Amino acid sequence: MQLSLFDKPQKSISKEVKTKKLKWKCHTITDKKDLEKLINNLKKSKEIAIDTETDGLRPLKNELVGISFAFNKKEGYYIPFAHKEDTPQLNRQKTLEILKPIFKNSKIKKIFHNAKFDLLVLKHYGIDVENVFFDTLIAANLLRKDEGEKINLKFLSTKYLKEPMYTFKQIMKGKYKDFSQVPIKAASEYSAYDSLQTFKLKQVLEKGLKQIPELYKIFKNLEMPLSNVLFKMELTGIKLNKEKLEEIGKKIDKELNKVETKIFATIENKYPKKWLSMNLNSPQQVQNFLFDELKLPVVKKTIKGQRGTGQEVLEELSKIHPIPGMILKFRELSKLKSTYIKSLIKEINPKTGRIHTSFSQTLVATGRLASSTPNLQNIPATTDHGIRSAFEAERGNLFLSADYSQVELRVLAQMTKDKNLIAAFKDSTDIHKKTASQIFNVPIEKVTKQQRQVGKRINFSIIYGLTPYGLSKDLGIKLSKAKEYIEKYFDTYKNVAKWIEKTIKEAKEKGYTKTLMGKRRYISELKEKNRTLYQAATRIAINTPVQGTSAEIIKKAMIKINKILEDKKLKAKMILQIHDELILELPKEEVKKVEKIVKEEMENAVKWVVPLEVAINIGKNWEKVTK
DNA sequence: GGCGTCACG
DNA sequence: ACGTACGTGACGCCG
Numbered sequence: 015m016q017l018s019l020f021d022k023p024q025k026s027i028s029k030e031v032k033t034k035k036l037k038w039k040c041h042t043i044t045d046k047k048d049l050e051k052l053i054n055n056l057k058k059s060k061e062i063a064i065d066t067e068t069d070g071l072r073p074l075k076n077e078l079v080g081i082s083f084a085f086n087k088k089e090g091y092y093i094p095f096a097h098k099e100d101t102p103q104l105n106r107q108k109t110l111e112i113l114k115p116i117f118k119n120s121k122i123k124k125i126f127h128n129a130k131f132d133l134l135v136l137k138h139y140g141i142d143v144e145n146v147f148f149d150t151l152i153a154a155n156l157l158r159k160d161e162g163e164k165i166n167l168k169f170l171s172t173k174y175l176k177e178p179m180y181t182f183k184q185i186m187k188g189k190y191k192d193f194s195q196v197p198i199k200a201a202s203e204y205s206a207y208d209s210l211q212t213f214k215l216k217q218v219l220e221k222g223l224k225q226i227p228e229l230y231k232i233f234k235n236l237e238m239p240l241s242n243v244l245f246k247m248e249l250t251g252i253k254l255n256k257e258k259l260e261e262i263g264k265k266i267d268k269e270l271n272k273v274e275t276k277i278f279a280t281i282e283n284k285y286p287k288k289w290l291s292m293n294l295n296s297p298q299q300v301q302n303f304l305f306d307e308l309k310l311p312v313v314k315k316t317i318k319g320q321r322g323t324g325q326e327v328l329e330e331l332s333k334i335h336p337i338p339g340m341i342l343k344f345r346e347l348s349k350l351k352s353t354y355i356k357s358l359i360k361e362i363n364p365k366t367g368r369i370h371t372s373f374s375q376t377l378v379a380t381g382r383l384a385s386s387t388p389n390l391q392n393i394p395a396t397t398d399h400g401i402r403s404a405f406e407a408e409r410g411n412l413f414l415s416a417d418y419s420q421v422e423l424r425v426l427a428q429m430t431k432d433k434n435l436i437a438a439f440k441d442s443t444d445i446h447k448k449t450a451s452q453i454f455n456v457p458i459e460k461v462t463k464q465q466r467q468v469g470k471r472i473n474f475s476i477i478y479g480l481t482p483y484g485l486s487k488d489l490g491i492k493l494s495k496a497k498e499y500i501e502k503y504f505d506t507y508k509n510v511a512k513w514i515e516k517t518i519k520e521a522k523e524k525g526y527t528k529t530l531m532g533k534r535r536y537i538s539e540l541k542e543k544n545r546t547l548y549q550a551a552t553r554i555a556i557n558t559p560v561q562g563t564s565a566e567i568i569k570k571a572m573i574k575i576n577k578i579l580e581d582k583k584l585k586a587k588m589i590l591q592i593h594d595e596l597i598l599e600l601p602k603e604e605v606k607k608v609e610k611i612v613k614e615e616m617e618n619a620v621k622w623v624v625p626l627e628v629a630i631n632i633g634k635n636w637e638k639v640t641k
């Protein structure tokens with residue numbers, strides 16, 4: 015080992031620390047000898063907790079400032095690398111290289127709180143971690159009984175260990191810009207304690223999970239393996255053609271100018287001058303103009319009692335006045351520009367030239383994934399401006415998209431065991447047509463397009479826990495008609511009605527509703543006296559098993575597909591998941607092989623009486639694979 | 001930081 | 001009489 019590891023020779027520091035309620039030993043490693051001792055201890059350990067400290071929350075963009083370890087319940091170790099403080103620190107890259115055998119050693123079990131983040135940070139420096147076997151964030155999420163409850167490390171330490179921790183904010187004291195500015199002493203006590211508490215939390219959370227075997231299974235066989243798949247997806251990212259997106263942006267700008275000019279030209283001729291300075295992006299100002307100046311009728315109030323100017327309202331008002339329609343167009347373009355042009359361009363990673371979203375496994379109450387920074391699960395699907403066409407496969411590659419067809423309705427069929435619903439999917443009857451045929455009392459061959467459309471809306475609304483009022487509004491029909499349709503629906507699919515009743519009853523008794531695999535969602539509002547709140551709770555009790563089970567199915571498929579691609583050493587990579595759809599990027603030559611694998615694994619992710627169907631699309635960009 | 005709005009499944 | 005569809009994330013405005 016080289017002395018050049020250090021800027022200057024310097025003794026490491028170890029000291030007793032009292033962090034709020036707890037006494038523990040905090041070590042700061044700044045010299046070679048102590049690093050070696052630490053490595054020896056890590057090497058002997060069965061399990062170690064690891065936590066990285068960075069100068070920001072973007073693991074592939076920000077830098078590693080330090081790293082901490084814990085391998086028993088009484089000590090924590092911090093290795094500072096890049097603190098601004100002018101005292102000696104170990105060299106980051108060299109130290110990581112020395113630690114490599116620890117990270118790579120699959121006999122040592124690694125514990126993290128939000129492993130995916132730390133793994134990306136380490137990968138950024140070329141470090142792979144083997145045997146990531148416990149993520150306290152994922153475990154805590156599965157055990158969570160109250161959605162409102164936080165599951166960050168600080169909160170978990172207080173809740174499960176009764177040991178409060180200093181928050182990141184407290185450490186930053188409002189004066190440090192990022193973690194690298196925090197003095198090493200304070201940083202050590204903060205970071206080493208994070209690892210220590212993560213180490214201890216694992217024991218508690220593991221016990222908790224094992225008490226509910228189905229939850230433990232989800233943790234071990236679904237969520238932990240999935241975390242690794244998501245890590246790879248985030249790492250891979252997706253290419254965005256900046257020039258192409260800028261071109262689209264220019265077109266949008268032109269259109270935006272046109273609409274704006276048109277709106278103000280209309281105003282100029284007829285209304286007071288003061289409206290010429292109106293900001294069309296201000297709901298407040300638009301509201302004043304529409305309802306005070308134009309005296310248009312108030313269609314809908316917002317939650318806060320304001321006069322609403324949302325899409326629905328403006329569409330209604332556009333029937334009686336030209337301006338609301340123009341504002342709608344302005345909004346559409348303005349949204350595209352701010353959210354999907356400007357921001358996406360900013361998100362291109364300078365180091366990889368690609369967009370790296372972040373998937374959260376613990377945010378959505380039903381078990382779905384969430385995508386953020388940027389959200390790639392809500393990129394406009396309409397081909398009007400072709401935002402999706404700017405997401406391209408690399409030269410020589412293609413995109414492959416694989417969508418489950420009507421997965422939630424199939425889940426409903428499986429869960430309810432409804433004969434009619436199952437039969438429809440087994441004979442691959444057009445399910446929306448079938449529903450329409452029953453509701454309108456016409457033979458299936460005679461169902462019109464409009465009737466099928468109604469059938470489709472009804473099928474979907476069942477999954478949301480429909481109400482006559484909601485359906486009547488959605489379809490623009492009388493309440494009595496909506497009631498009639500719903501009655502007919504439940505008359506046709508009798509077991510669906512029974513299942514809904516049973517599911518609500520069980521949820522009330524147990525306090526939670528659950529997916530097929532057994533992930534729970536607690537719904538305290540089922541005890542509500544307030545009818546609106548109670549009814550909202552029953553809809554959640556119905557929707558969650560369906561949405562959540564669908565999420566489990568695609569997660570299972572993702573794990574399997576990833577495994578096969580790895581085993582077969584294929585270059586194809588999963589890059590996105592959009593709830594019922596997977597997108598892969600792959601060399602042209604692999605299309606045939608991978609298409610077969612993906613379809614096979616998605617369709618057979620579960621062994622059900624209800625068949626699952628997957629549609630595959632191939633193309634050079636994301637738009638080309640969007641149906 | 002809350003609110004209104006709107007993009008997706 | 002009342003009035004909401006289920007699940008999200010991000011933007012601009014406004015205070």
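Counting in the working numbering, the first sequence runs from 15 upward without gaps. Built from N, CA and C at the ideal position, the CB exists for glycine as well. Note that the structure is a prediction, hence the values are computed from the model and not measured.
Cα-Cα separation, residue i to residue j
i, j, result
"Gly532", "Val623", "19 Å"
"Tyr526", "Ala379", "12 Å"
"Ile445", "Glu595", "20 Å"
"Ala629", "Phe213", "44 Å"
"Gln561", "Ser538", "19 Å"
"Lys641", "Arg72", "32 Å"
"Leu377", "Leu167", "15 Å"
"Lys178", "Met186", "Note that residue 178 corresponds to Pro in the displayed sequence, not to Lys. Going by the C-alpha atoms only, they are around 17 Å apart."
"Gly339", "Ser296", "16 Å"
"Asn557", "Asn302", "38 Å"
Where residue i falls: helix, strand or coil (DSSP)
i, result
"Gln591", "strand"
"Gly319", "coil"
"Ala5", "Residue 5 lies beyond the residue range present for the chain, which begins at 15 and ends at 641; the question has no answer from this structure."
"Ala153", "helix"
"Thr563", "helix"
"Val612", "helix"
"Val146", "strand"
"Ala551", "helix"
"Thr640", "coil"
"Asp100", "coil"
"Val327", "helix"
"Trp622", "coil"
"His41", "strand"
Proximity below 8 Å, CB of residue i to CB of residue j
i, j, result
"Lys124", "Phe147", "yes"
"Val456", "Ser564", "no"
"Leu136", "Tyr91", "no"
"Ala201", "Phe193", "yes"
"Leu493", "Arg471", "no"
"Gly251", "Thr366", "yes"
"Ala619", "Lys570", "yes"
"Tyr204", "Tyr174", "no"
"Leu590", "Leu390", "yes"
Cβ neighbour criterion (16 or more within 10 Å) applied to residue i
i, result
"Asn283", "exposed"
"Pro94", "buried"
"Ile317", "exposed"
"Ser241", "buried"
"Ser26", "buried"
"Lys372", "It should be noted that the sequence gives Ser, not Lys, for residue 372. Under this definition Ser372 is a buried residue."
"Asp21", "Confidence in Asp21 is poor, its pLDDT being 44 and thus under 50, which makes the residue's placement too unreliable to answer from."
"Gln16", "The predicted position of Gln16 is uncertain, since its pLDDT is 36 and thus under 50; a value taken from the coordinates is nonetheless stated next. Exposed, since its Cβ has fewer than 16 Cβ neighbours within 10 Å."
"Thr66", "buried"
"Asn392", "exposed"
"Tyr483", "exposed"
"Thr397", "exposed"
"Thr449", "buried"
Selected residue, minimal CA-CA separation from residue i, among the options
i, options, result
"Leu56", "Lys37, Lys638, Phe83", "Phe83"
"Lys191", "Asn255, Ile112, Gly70", "Gly70"
"Gly80", "Glu89, Lys98, Lys87", "Lys98"
"Met238", "Leu156, Tyr207, Pro197", "Leu156"
"Lys314", "Val327, Glu307, Phe303, Leu304", "Val327"
"Ala154", "Pro102, Asn235, Leu215", "Leu215"
"Glu408", "Ile567, Phe126, Asn128, Leu598", "Leu598"
"Asn235", "Asn631, Ile476, Lys574, Pro197", "Lys574"
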